[in-house]
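To get the working numbering, take the position in the sequence shown, counting from 1, and add 114.
Working notes, structure below.
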Amino acid sequence: MRPITERDLRASFVNCSKGDAKRLTLPADFADLPWNDLDFLGWRDPKAPDRAYLVVERDGRPTGIALRRASAPGTARGFSSTSLCSLCLTSHIGGGVALMTARRAGEAGRQGNSVGQYLCADLACSLYVRGKKQTLLGAAPDESVPLGERAARVLANARAFADRVTS
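Following this line, the structure appears as structure tokens:
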């Protein structure tokens with residue numbers, strides 16, 4: 115992913131108000147992000163743990179999506195339960211994968227329509243795919259697909275999710 119300025123990042127959000135985008139908390143290490151290792155930028159809001167954000171390049175421009183972690187009482191998975199992220203296909207145990215929902219952009223979102231997807235709870239898909247971060251399961255099993263193709267898959271899946279939010 116190409117580096118993005120704070121101003122462009124805040125202007126990129128398609129499913130929240132400009133005021134909400136202005137108030138969102140940036141990642142603590144925003145100035146030092148490993149842009150070359152990111153297929154998209156994703157982070158959890160440290161001030162509001164149920165909120166998360168995903169920014170992906172589409173048609174040469176960033177598209178920001180505000181997310182909410184769906185959590186209903188009694189739905190927490192046990193530590194031994196394994197879940198799979200739908201973007202990077204990384205397996206996690208416990209709460210490593212979360213259902214994230216995004217209000218649709220435009221009129222559909224104002225009517226309450228949303229889309230959801232199971233994602234790495236920390237939105238660090240790019241780092242898991244590149245082996246720069248490990249899950250609680252340890253190192254990912256060797257995948258026969260080359261790294262370039264895995265990274266392209268993550269980006270394609272993130273763009274497809276953004277397409278669902280904006281359509």
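Built from N, CA and C at the ideal position, the CB exists for glycine as well.
What separation, rounded to the nearest whole angstrom, lies between the Cα atoms of residue i and residue j?
i: R244; j: H206; result: 16 Å
i: A219; j: G262; result: 31 Å
i: V170; j: A274; result: 10 Å
i: A125; j: S281; result: 19 Å
i: E120; j: D146; result: 13 Å
i: P141; j: M115; result: 16 Å
i: K136; j: P148; result: 23 Å
i: P176; j: P117; result: 10 Å
i: L233; j: C239; result: 8 Å
i: A222; j: G133; result: 19 Å
i: Q248; j: F144; result: 21 Å
i: G174; j: C130; result: 21 Å
i: S185; j: N150; result: 32 Å
i: P199; j: K246; result: Checking the sequence shown, residue 199 turns out to be Cys, not Pro. Cα-Cα distance, rounded: 17 Å.
i: G252; j: R224; result: 42 Å
i: G226; j: R183; result: 16 Å
Should residue i go down as buried or exposed, given a rule of 16 or more other Cβ atoms within 10 Å for buried?
i: Q231; result: buried
i: V259; result: exposed
i: G178; result: buried
i: L250; result: exposed
i: A265; result: buried
On the premise that residue j lies in contact with residue i, defined as a C-beta separation below 8 Å, what is that separation, rounded to the nearest angstrom?
i: A272; j: F154; result: 5 Å
i: L237; j: G156; result: 3 Å
i: L181; j: R165; result: 7 Å
i: V268; j: C202; result: 5 Å
Which same chain residues, not among the five before or five after residue i, have their C-beta less than 7 Å away from its C-beta?
i: A235; result: G209, G210, V211, A212
i: R172; result: R273, A276
Look up residue i in the DSSP assignment and give the residues it is bridged to.
i: W157; result: Y167
i: I179; result: L168
i: F127; result: G178
Note down, in chain order, each residue of its chain lying with its Cβ closer than 8 Å to the Cβ of residue i, except the 5 sequence neighbours on either side.
i: V229; result: T215, A216, R218, F275, R278, V279
i: A162; result: T139
i: D159; result: L138, T139, R165, A166, Y167
i: L123; result: L140, L155, V169, P176, G178
i: S195; result: I207, G208
Who are the near neighbours of residue i in its chain, counting only those whose CB is closer than 6 Å to its CB and skipping five residues on each side?
i: S197; result: H206, V211
Determine whether the Cβ of residue i lies closer than 9 Å to any Cβ atom of chain C.
i: L233; result: Of the chains in the structure shown, none is chain C; there is only one protein chain.
The ligand PLP and residue i: does any heavy atom of the ligand fall closer than 8 Å to the residue's C-beta?
i: E263; result: The model depicted lacks the ligand PLP and carries no ligand whatsoever.
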